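Before any comments, here is the structure.
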Amino acid sequence: MPLLPRKRTTDTSALDIPNLRRVVAASAAVTAVAQAVTAAFAVRDTRRDYADAVWGPGLAGIAVASAVVGDGDRTRRWTLATITSVWAGRLANLMIPRIAGSEKEDPRYTEYLEGASTPTVLAKVFGTQALAQLVVSAPIQIAAASALPAGRRRWLFPLGAAVMVAGTVIEATADRQKDAYKKRDDPDKPAVLDTGLWGWSRHPNYFGDSLMWDGVWVAAATSTPGLATFPAPAAMSYFLIYATGATRTEKRMQERPAYRDYQRRVAFFFPRPPSDG
Numbered sequence: 001m002p003l004l005p006r007k008r009t010t011d012t013s014a015l016d017i018p019n020l021r022r023v024v025a026a027s028a029a030v031t032a033v034a035q036a037v038t039a040a041f042a043v044r045d046t047r048r049d050y051a052d053a054v055w056g057p058g059l060a061g062i063a064v065a066s067a068v069v070g071d072g073d074r075t076r077r078w079t080l081a082t083i084t085s086v087w088a089g090r091l092a093n094l095m096i097p098r099i100a101g102s103e104k105e106d107p108r109y110t111e112y113l114e115g116a117s118t119p120t121v122l123a124k125v126f127g128t129q130a131l132a133q134l135v136v137s138a139p140i141q142i143a144a145a146s147a148l149p150a151g152r153r154r155w156l157f158p159l160g161a162a163v164m165v166a167g168t169v170i171e172a173t174a175d176r177q178k179d180a181y182k183k184r185d186d187p188d189k190p191a192v193l194d195t196g197l198w199g200w201s202r203h204p205n206y207f208g209d210s211l212m213w214d215g216v217w218v219a220a221a222t223s224t225p226g227l228a229t230f231p232a233p234a235a236m237s238y239f240l241i242y243a244t245g246a247t248r249t250e251k252r253m254q255e256r257p258a259y260r261d262y263q264r265r266v267a268f269f270f271p272r273p274p275s276d277g
């Protein structure tokens, strides 16, 4: 008796490779233009810190380009583009006035690039940032070229979107609390901001930012290929904790006695209730 052919199973979340190539090409083009324009103004004005202003908008540009070019699930790719754009718009609204309101370059860039030639600046700042944007946005690009599966795992998409929103809200709330603290001019102003979200984490803004990109990965991981982009949120967390974020801030602040006491009481990054001492 001849054996019946085995029924083939179709992975409805399979990656459309030709479409992914188009998505990656569009993302690379958007990134190159954004970084090149910013670099031109940065070199002209000797303000390498202009790079901070294009970080969020560059990622939003990638998300929108991916949504436009991608053939994956329409709802998911435009949801990711929308939330990323809201996140980026808020960040740009914070960073651009801060940079424009200062006549001097951020000391971090001045120290890091002391004596550097223009080609070195372009490579170390804008080239590196362009590469980082493409790596961090990998889940968005993969999602744009993938369909959603039919099984239970499709619920990772709304879960990921919810995590993205939660991270954005946490980051925005932390920044508002910090701005309100800076504007205080009264005798009761504490030496260190240790209330609100800042009483649960010494860097709640960076934590919220990290959570936002964890959510992007969760939403992308609904499709099987998206699981492989785990290095993207891991890289973002590394940037925020070690490379350019929390650790650098700690080094600047730890000489202050009040901040050392704050370090003993409040968690470094991941929120938890404050301790008594």
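Counting from 1, position 67 in the sequence shown corresponds to residue 67 in UniProt numbering; the numbering is continuous, with no gaps.
Glycine included, C-beta positions come from ideal geometry on N, C-alpha and C.
If you're wondering where the values come from, they're calculated on a predicted model, not measured in any experiment.
Problem - Coarse secondary structure for S201, derived from DSSP in three states - result: Annotated three-state conformation of S201 is coil, per DSSP.
Exercise for the section: Indicate whether L59 and V136 have their beta-carbon atoms separated by less than 8 Å. Expected result: Yes. Within cutoff.
Problem - Three-way DSSP call (helix, strand, coil) for S146 in this model - result: Note: S146 maps to strand in three-state DSSP.
Practice task
Look at the alpha carbon of N19 and the alpha carbon of G61, and state the distance between them as a whole number of angstroms.
Solution key: Distance between the alpha carbons of N19 and G61: 18 Å.
Practice task
Using 10 angstroms around the beta-carbon of Y262, count the other beta-carbons present and answer buried if the total reaches 16, otherwise exposed.
Solution key: Classification of Y262: buried, given that the 10 Å Cβ count is 16 or more.
Problem - Per-residue burial, L4 [other beta carbons within 10 Å of its own, 16 or more giving buried] - result: Only weak support exists for where L4 lies, its pLDDT of 48 falling under 50; the value from the coordinates is given anyway. When all chains shown are included, L4 counts as exposed.
Exercise for the section: Quick one: residues in its chain with C-beta nearer than 8 Å to the C-beta of A235, no 5 flanking neighbours on either side, listed in chain order? Expected result: Leaving aside the five residues that flank A235 on each side, the residues in its chain whose CB is nearer than 8 Å to its CB run, in chain order, A132, V135, V136.
Problem - Selected residue, minimal CA-CA separation from R108, among K124, T82, A36, D49 - result: Residue nearest to R108 within the set K124, T82, A36, D49 is D49 (criterion: CA-CA distance).
Problem - A113 in three-state terms, based on DSSP - result: It is Leu, not Ala, that sits at residue 113 in the sequence shown. In the structure shown, L113 falls within a coil segment according to DSSP collapsed to helix, strand and coil.
Practice task
Following the continuous alpha helix (DSSP H) through S223, name the residue where it begins and the one where it ends.
Solution key: Segment: none, S223 is in no alpha helix (DSSP H) and carries neither H nor E.
Practice task
Could you tell me how far apart the beta carbons of A130 and A32 are, in whole angstroms, since I believe they sit closer than 8 Å?
Solution key: Between the beta-carbon of A130 and that of A32 there is about 7 Å, and that keeps the pair under the 8 Å contact cut.
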